[in-house]
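Participant: The structure is given below, and queries will be raised subsequently.
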Amino acid sequence: MAEFKRERVEMFLGVTRKYMQVRGAMSQKDLAEQTDVGVSTMSRFLSQKSTELNPQLIAKITAKLNIPLHEMIDFVEEDFADRFIRLVKFYKDELKDSEFDPNDLGTGTETTRTIAVEKESAPAEPVDNRTANQRKEDKVKSNAELSIREKLESLTPRQRAFMTEFLNLKLEERDLIVDLGNNLFQYFKMKGMDI
Numbered sequence: 020m021a022e023f024k025r026e027r028v029e030m031f032l033g034v035t036r037k038y039m040q041v042r043g044a045m046s047q048k049d050l051a052e053q054t055d056v057g058v059s060t061m062s063r064f065l066s067q068k069s070t071e072l073n074p075q076l077i078a079k080i081t082a083k084l085n086i087p088l089h090e091m092i093d094f095v096e097e098d099f100a101d102r103f104i105r106l107v108k109f110y111k112d113e114l115k116d117s118e119f120d121p122n123d124l125g126t127g128t129e130t131t132r133t134i135a136v137e138k139e140s141a142p143a144e145p146v147d148n149r150t151a152n153q154r155k156e157d158k159v160k161s162n163a164e165l166s167i168r169e170k171l172e173s174l175t176p177r178q179r180a181f182m183t184e185f186l187n188l189k190l191e192e193r194d195l196i197v198d199l200g201n202n203l204f205q206y207f208k209m210k211g212m213d214i
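So the sequence shown is residues 20 to 214, counted in our numbering.
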């Protein structure tokens, strides 16, 4: 099973180098030490001399550099996105050890999510494993007819990653994002653009 899009490796490495600079001009050695990987392994990986795309190494790099998931999700195959997000959260210590199974990197059919809403948590429906084409076919229903749950299930992995980051923001930060979004929608409507 392909977990990452090989044609986007350059994009991933570019984002990695960018965040190495943003996080304090780290060297490959510094990153290797932070991710508990050998310096030569890290060097081979970053210079693309290694053909293997190790999910754990990529997740460790993403977590240790605190790279926003929305910048990484295009590099991850759609079928692997949920497991990759869980792996990154594990390395960020956001998931408890009991919730993470390293063997979950293999084949899996469903993943359940918990959505936190102001100090309450409720288990959500299993994550939708349909392809993007299947989701488009299901859009025969108009958006007005869909429930909130159905709308959330139809999100792409990139949109889910954005929603996760959005929900983790402070209240004021969320308000700022909402204000920016509303301004964009008004601008598009004013220009007569379809969204």
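Backbone N, C-alpha and C fix where the C-beta goes; we use that ideal spot for every residue, glycine too. Computed from a prediction, not measured in an experiment: that's the story for all the values here.
CA-CA distance, Val28 and Phe94?
Facilitator: Their backbone Cα atoms lie some 7 angstroms apart in a straight line.
Participant: Can you tell me whether Lys208 is buried or exposed? The criterion is at least 16 other CB atoms within 10 Å of its CB, across all chains shown.
Facilitator: Burial call: exposed.
Participant: Please report whether the beta-carbon of Tyr38 lies at a distance below 7 angstroms from any beta-carbon of chain B.
Facilitator: The displayed structure is made up of one protein chain only, and chain B is not part of it.
Participant: Nearest to Phe181 by alpha carbon, out of Asn73, Ala51 and Leu88?
Facilitator: Among Asn73, Ala51 and Leu88, the Cα nearest to that of Phe181 is on Leu88.
Participant: Quick one, which of Gln47, Lys108, Met39 and Asn202 has its alpha-carbon nearest Gln75's?
Facilitator: The shortest C-alpha separation from Gln75 is found at Lys108.
Participant: Short check: CB of Glu96 to CB of Val34, under 7 angstroms?
Facilitator: Going by C-beta atoms, Glu96 is not nearer than 7 angstroms to Val34.
Participant: Using the Cα positions of Leu84 and Arg36, report the straight-line distance between them to the nearest angstrom.
Facilitator: Cα to Cα, Leu84 sits roughly 10 angstroms from Arg36.
Participant: Grab me the residues of Thr81's own chain with a C-beta within less than 6 angstroms of its C-beta, minus the 5 sequence neighbours each way, in chain order.
Facilitator: Same-chain partners within the cutoff: Met91 and Val107.
Participant: Hey, would you say Leu72 sits closer than 7 angstroms to Phe23, going by beta carbons?
Facilitator: Their beta carbons are under 7 angstroms apart, which means Leu72 touches Phe23 by this criterion.
Participant: For a minimum of 4 consecutive residues, which ranges assigned as the alpha helix (DSSP H) are wholly contained in the region 28 to 104?
Facilitator: Runs found: 28 to 41, 47 to 53, 58 to 65, 74 to 83 and 88 to 91.
Participant: Compare the beta carbon distance of Lys79 and Thr54 with 7 angstroms and say whether it is the shorter of the two.
Facilitator: Yes, these two residues count as a Cβ contact at 7 angstroms.
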